[in-house]
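Participant:
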Amino acid sequence: MSPELLDSILEGRRSQPHQLIEVLHDVQEHYGYISEDAMKTISNDLGVPLIEIYGVASFYKAFSLKPRGKNVITMCTGTACHVRGAKPLLNQATSQLGVQPGETTQDGLFTIEKVNCLGACAFGPIVTENGDYHHDMSPGKLRKLIKSLHPTRTEETSHD
Amino acid sequence: MLQYVNMKIDGGDFRATKGSSVLDVAIEYGICIPHLCHVPNLSEIGACRLCIVEHVVNGRSKVTTSCTLLVKEGMVIRSNTEKIKKLRRNIAELLVAQAPNSRAIQDIAVRCGVKEVRYPFRNENCVLCGRCVRVCSELFGAKAIGFVGRGKDRRVEPPFGVLSDLCKHCGTCIDLCPMTFNPCEGYMKSGEEHLCGKCESQMLLADNLPESCVWCELGEGFQCSRY
Ligand code: SF4
Ligand code: SF4
Ligand code: FES
Ligand code: FES
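Quick note, the sequences are listed as chains D and P, same order. If you're matching positions, the first sequence starts at 1 in this note's numbering and goes up one per residue. If you're matching positions, the second sequence starts at 161 in this note's numbering and goes up one per residue.
#1: Is any beta-carbon of chain D found at less than 7 Å from that of F300/P?
#2: Taking the beta carbon of P125/D as the centre, do at least 16 other beta carbons fall within 10 Å, making it buried, or is it exposed?
#3: Measuring straight from C-alpha to C-alpha, what distance separates Y164/P and E284/P?
#4: Using DSSP with H/G/I as helix, E/B as strand and the rest coil, what is N450/P?
#5: Count the other C-beta atoms from every protein chain shown that fall within 10 angstroms of the C-beta of M161/P, then say buried if there are 16 or more, exposed otherwise.
#6: Looking only at its own chain, which residues have a Cβ that is under 6 Å from the Cβ of K222/P, when we skip the five neighbours before and after it?
#7: Using only the alpha-carbon positions, how far apart do W375/P and C384/P sit?
#8: Starting from R310/P, find everything on chain D with Cβ-Cβ shorter than 7 Å and list it in chain order.
#9: Can you list, in chain order, the residues of the region 39-73 of chain D whose Cβ is nearer than 7 Å to any Cβ on chain P?
#10: At which residues does the alpha helix (DSSP H) containing E175/P begin and terminate?
#11: State the Cα-Cα distance for the pair S158/D and S2/D, rounded to the nearest angstrom.
#12: Compute the Euclidean distance between the alpha carbons of A269/P and S372/P, then round it to the nearest angstrom.
#13: Grouping DSSP H, G and I as helix and E and B as strand, with all else coil, what is L230/P?
#14: Just the C-alpha distance for P280/P and I244/P, rounded to the nearest angstrom, thanks.
#15: Is there contact between the region 86-99 of chain D and the region 136-150 of chain D, where contact requires at least three CB pairs shorter than 8 Å?
#16: For D160/D, count neighbouring C-beta atoms within 10 Å of its own C-beta (all shown protein chains included) and say buried if the count is 16 or more, exposed if not.
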């Protein structure tokens with residue numbers, strides 16, 4: 001993680017504690033997660049106690065405290081998506097990638113996240129891939145989607 | 161100069177200092193409103209909900225926590241109605257189900273009239289009262305611990321889960337924590353938790369004088385601010 005980038009994020013916001021959420025959003029966006037070191041620097045530069053930053057960062061689902069994969073697959077398991085078949089989708093993703101929700105594959109390519117509603121219930125079940133919405137998902141479509149994001153694995157598993 | 165307001169609690173007239181909370185007034189005048197998260201000189205966060213009272217406005221009553229309710233001229237409060245007693249008993253019941261292995265929580269449950277626990281025991285070692293967090297940041301300015309996570313994952317932790325040198329090892333958080341004393345008969349193993357209830361005799365006097373402080377020994381057990 002490059003200190004210059006964090007520096008530029010903090011630029012013009014130093015000693016302004018109320019900028020905390022904005023700074024965390026930017027760090028999340030540019031680094032994919034919020035590291036301990038980043039939190040310490042932010043604490044120093046904004047003048048916010050470290051425990052407060054840790055409390056805020058751990059409170060919101062939008063922030064991740066662990067490094068996330070290159071591709072983030074977000075599965076909606078809200079009520080509407082649940083009745084439209086979110087469960088088999090989740091099974092598809094976890095078995096295909098071999099990790100549970102909240103975890104990242106060893107090669108650092110994929111993270112599976114689970115959320116409670118993505119605000120598009122009528123088009124469910126919904127899966128987003130790096131922020132892009134995919135509606136009316138089925139396990140088959142999801143398998144192809146994950147494959148398409150994972151060229152090397154495509155070779156190994158494309159015999160089916 | 162101190163300014164005063166006149167208010168009514170349970171029918172009695174009281175003169176209270178402006179800026180104090182209804183709970184402060186009750187404690188000062190010896191009206192029993194059980195409370196757990198309130199600690200004198202720390203901010204009020206209304207976490208435990210035990211100190212609820214009825215606040216009567218225009219003939220309608222609203223249930224709210226007295227520790228976060230500031231006194232106002234002409235205010236009418238009822239602290240001991242059947243409704244309040246029932247709600248308070250239920251809150252205490254939930255608390256003791258959450259943390260049966262604390263003498264303080266057991267005492268508070270008895271003081272609030274809990275006779276049986278209808279919820280599954282969880283045996284947690286924290287009730288999220290926030291006493292430790294507030295004393296650490298407000299009195300000592302150390303800010304070494306805080307609330308982390310949310311919902312059912314909410315817990316008290318130092319940053320990143322490891323104690324750093326922000327902590328001055330003053331030990332006040334531990335002194336104030338209601339979890340630091342086991343029930344008199346010792347630690348209850350999981351599956352064996354129950355409501356102790358051996359101190360129910362303490363309630364004999366209290367039941368006869370429902371609104372007033374009788375210096376119950378239970379209060380000593382849960383660090384009631386009257387002590
Ligand atoms: S650790 Fe103790 S004092 Fe701190 S919030 Fe939990 S129960 Fe309250
Ligand atoms: S000491 Fe007992 S009776 Fe007195 S206010 Fe506290 S809890 Fe109530
Ligand atoms: S429940 Fe899935 S988008 Fe609302
Ligand atoms: S003392 Fe008022 S909510 Fe805990």
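All C-beta atoms, glycine included, are put in the ideal place defined by N, C-alpha and C.
Facilitator: In terms of the structure at hand:
#1: The beta carbon of F300/P sits no closer than 7 Å to any beta carbon of chain D.
#2: Per the 10 Å Cβ criterion, buried.
#3: As the crow flies, the alpha-carbon of Y164/P is around 43 Å from that of E284/P.
#4: In the structure as shown, chain P begins at 161 and stops at 387. Residue 450/P is therefore absent and cannot be evaluated.
#5: Counting Cβ neighbours within 10 Å, M161/P comes out exposed, since fewer than 16 surround it.
#6: Cβ neighbours of K222/P beyond the five flanking positions: H215.
#7: C-alpha separation (whole angstroms): 9 Å.
#8: Going along chain D in sequence order, the residues near R310/P (Cβ under 7 Å) are F59.
#9: Sequence-ordered contacts of the region 39-73 of chain D with chain P read P49, L50, I51, E52, Y54, G55, S58 and F59 [C-beta pairs closer than 7 Å].
#10: Per the sequence shown, residue 175/P should be read as Arg rather than Glu. Run containing R175/P: none in the alpha helix (DSSP H); it sits in the beta strand (DSSP E), G172 to T177.
#11: Bear in mind that a pLDDT of 45 at S158/D, under 50, signals an unreliable position, so the number given afterwards is only what the model happens to contain. The C-alpha of S158/D lies about 38 Å from the C-alpha of S2/D.
#12: Between the alpha carbons of A269/P and S372/P lies a gap of roughly 18 Å.
#13: Strand, per DSSP.
#14: So the alpha carbons of these two residues sit roughly 23 Å apart.
#15: The region 86-99 of chain D is in contact with the region 136-150 of chain D.
#16: Low confidence applies here, because D160/D scores a pLDDT of 44, under 50, leaving its location unreliable; read the following figure in that light. It counts as exposed.
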